[in-house]
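Structure, as structure tokens:
2 protein chains.
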Amino acid sequence: MSKQQLEVLGRDGADGCCPGLLTAPLDEDRAETLAKVFKALGDPVRLRLLSLIASRAGGEVCVCDLTPAFDLSQPTISHHLKLLKQAGLIDSERRGTWVYYRLLPETTDQLAAILTRPGALLPESAGAAS
Amino acid sequence: MSKQQLEVLGRDGADGCCPGLLTAPLDEDRAETLAKVFKALGDPVRLRLLSLIASRAGGEVCVCDLTPAFDLSQPTISHHLKLLKQAGLIDSERRGTWVYYRLLPETTDQLAAILTRPGALLPESAGAAS
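Chains C and P are the protein sequences, given in the same order. So for the first sequence, the numbering used here puts the first residue at 4; every next one is plus one. So for the second sequence, the numbering used here puts the first residue at 4; every next one is plus one.
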């Protein structure tokens, strides 16, 4: 499921270009697909999990290192991780006892591209907004 | 409320730089703030409304031009527009009979920056992902 969503999300982005949210009206199918990914990001625990995974040196995090950062049960954390994975934002691999998670940067790159205005270079765009 | 959220969202971005989601673990407060904005985007009708508003030549759209694009009641459309406005993604102005909506590009710029990997230039990043 995550692979499928990722392909749909990335269908316009093979050349790195970004006909996105801000340049033309979204069609219904694409809006449905994109909304699922944004919905996965629309929760503070999932955002914190994603940032912990994405910012980890080495690129992956053992679930055993994620759970202690939250005052939540292991099943709750696992549920949030599953939603991030279904949205194509992270991937996982079981090795021995533990599951290891890593960012799928293709998806966050696509979201960033979709949210970028045509001609706007982000590091220089502050102050240029109307 | 939208103004307040916008300020919090933009607090790291005054110089256009982007210590974001992918570079360091988010703290709880910032995760709460960001999650509200992503949650506003986590609905296909709201994404379509936002793209209709953002892509309109001239920069603003009358609510009277938005409603016919959807098979939904005016109150439902107004509710979705209210949520986008509360998230700091759009602003509105009443002139005469109608309300006109426009994108707040500062917010989408910030989201794009937050989702951009350090050193990743979006137009060149395709294929460079691990």
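Think of the CB as a built atom: it goes at the ideal place given N, C-alpha and C, for glycine as much as any other residue.
Measuring alpha carbon to alpha carbon, tell me which of the options ends up nearest residue i.
i, options, result
"ARG97(P)", "VAL66(P), LYS42(P), ALA116(P)", "VAL66(P)"
"ASP30(C)", "LEU44(P), SER54(P), GLY61(P), GLY45(P)", "SER54(P)"
"HIS3(P)", "GLY23(P), ASP46(P), THR100(P)", "Nothing can be reported for residue 3(P): it is not among the residues displayed for chain P, which extend from 4 to 133."
"GLU109(C)", "THR111(P), LEU118(P), ARG59(P)", "LEU118(P)"
"PRO28(C)", "LEU24(P), ALA27(P), ILE56(P)", "ILE56(P)"
"TYR103(C)", "GLY23(C), PRO121(C), ALA116(C), LYS88(C)", "LYS88(C)"
"LYS85(C)", "ARG105(C), GLY62(C), LEU114(C)", "ARG105(C)"
"ILE140(C)", "SER76(C), ALA43(C), TRP101(C)", "This structure cannot speak to residue 140(C), because chain C is shown only from 4 to 133."
"VAL64(P)", "PRO78(P), LEU107(P), ASP112(P)", "LEU107(P)"
"GLY91(C)", "GLY62(C), THR79(C), THR111(C)", "THR111(C)"
"LEU24(C)", "THR26(P), SER58(P), LEU24(P), GLY23(P)", "SER58(P)"
Could you check what DSSP says for residue i in three-state terms: helix, strand or coil?
i, result
"SER76(C)", "coil"
"ARG105(P)", "strand"
"ASP32(C)", "helix"
"ALA131(C)", "Residue confidence for ALA131(C) is low, a pLDDT of 40 falling below 50, so the modelled location carries little weight; the figure read from the coordinates is stated next. Correct three-state label for ALA131(C): coil."
"LEU98(P)", "Just to set this straight, residue 98(P) is Arg in the shown sequence, not Leu. Correct three-state label for ARG98(P): strand."
"CYS20(C)", "Since pLDDT at CYS20(C) reaches only 46, below the 50 mark, its modelled position is unreliable, and the value read off the structure follows with that caveat. In this structure, CYS20(C) counts as coil in the three-state DSSP scheme."
"GLN7(P)", "The predicted position of GLN7(P) is uncertain, since its pLDDT is 47 and thus under 50; no value can be drawn from it."
"ARG120(C)", "coil"
"LEU25(C)", "coil"
Name the chain C residues that come within less than 8 Å of residue i, Cβ to Cβ?
i, result
"GLU31(P)", "PRO47, ARG51"
Give the interface partners of residue i over in chain P, defined as CB-CB distance under 8 Å, in chain order.
i, result
"PRO71(C)", "Correct list: empty, because the minimum Cβ distance to chain P is about 13 Å."
"GLU63(C)", "Near GLU63(C) there are no residues of chain P at all, since even the closest Cβ is about 11 Å away, more than 8 Å."
Going along chain P in order, which residues have a C-beta closer than 7 Å to the C-beta of residue i?
i, result
"SER95(C)", "The premise fails here: SER95(C) is roughly 15 Å from chain P at the closest Cβ pair, so nothing lies under 7 Å."
"LEU92(C)", "Ordered by position in chain P, no residue passes the 7 Å Cβ test against LEU92(C), which lies about 10 Å from the chain."
"LEU37(C)", "LEU50"
Residues of chain P with CB closer than 9 Å to the CB of residue i, please, in chain order.
i, result
"ARG98(C)", "Going along chain P, no residue has its Cβ under 9 Å from ARG98(C), so there is no contact; the nearest lies around 18 Å."
"LYS42(C)", "PHE41, LYS42, LEU44, GLY45, ASP46"
Whose Cβ in chain C lies nearer than 9 Å to the Cβ of residue i?
i, result
"THR26(P)", "SER54, ALA57, SER58"
"LEU84(P)", "Those within 9 Å of LEU84(P) in chain C number zero; the least Cβ separation is about 15 Å."
Would you mind telling me which residues of chain B sit closer than 7 Å to residue i, beta carbon to beta carbon, in chain order?
i, result
"PRO78(C)", "Structure shown: chain B not included; protein chains present are C and P."
Closer than 7 Å by beta-carbon distance: list the chain C residues that pair up with residue i, in chain order.
i, result
"LYS88(P)", "Within chain C, no residue comes near LYS88(P); the closest Cβ sits about 17 Å away, beyond 7 Å."
My understanding is that residue i touches residue j, with C-beta atoms under 8 Å, so please give their C-beta distance in whole angstroms.
i, j, result
"ALA60(P)", "ALA115(C)", "That pair is no contact at about 24 Å."
The stretch 64–81 of chain C contacting the stretch 48–58 of chain P, beta-carbon criterion three pairs below 8 Å: Touching, no.
Segment contact flag, the stretch 26–39 of chain P with the stretch 31–40 of chain C, C-beta cutoff 8 Å, min 3 pairs: Segments in contact, no.
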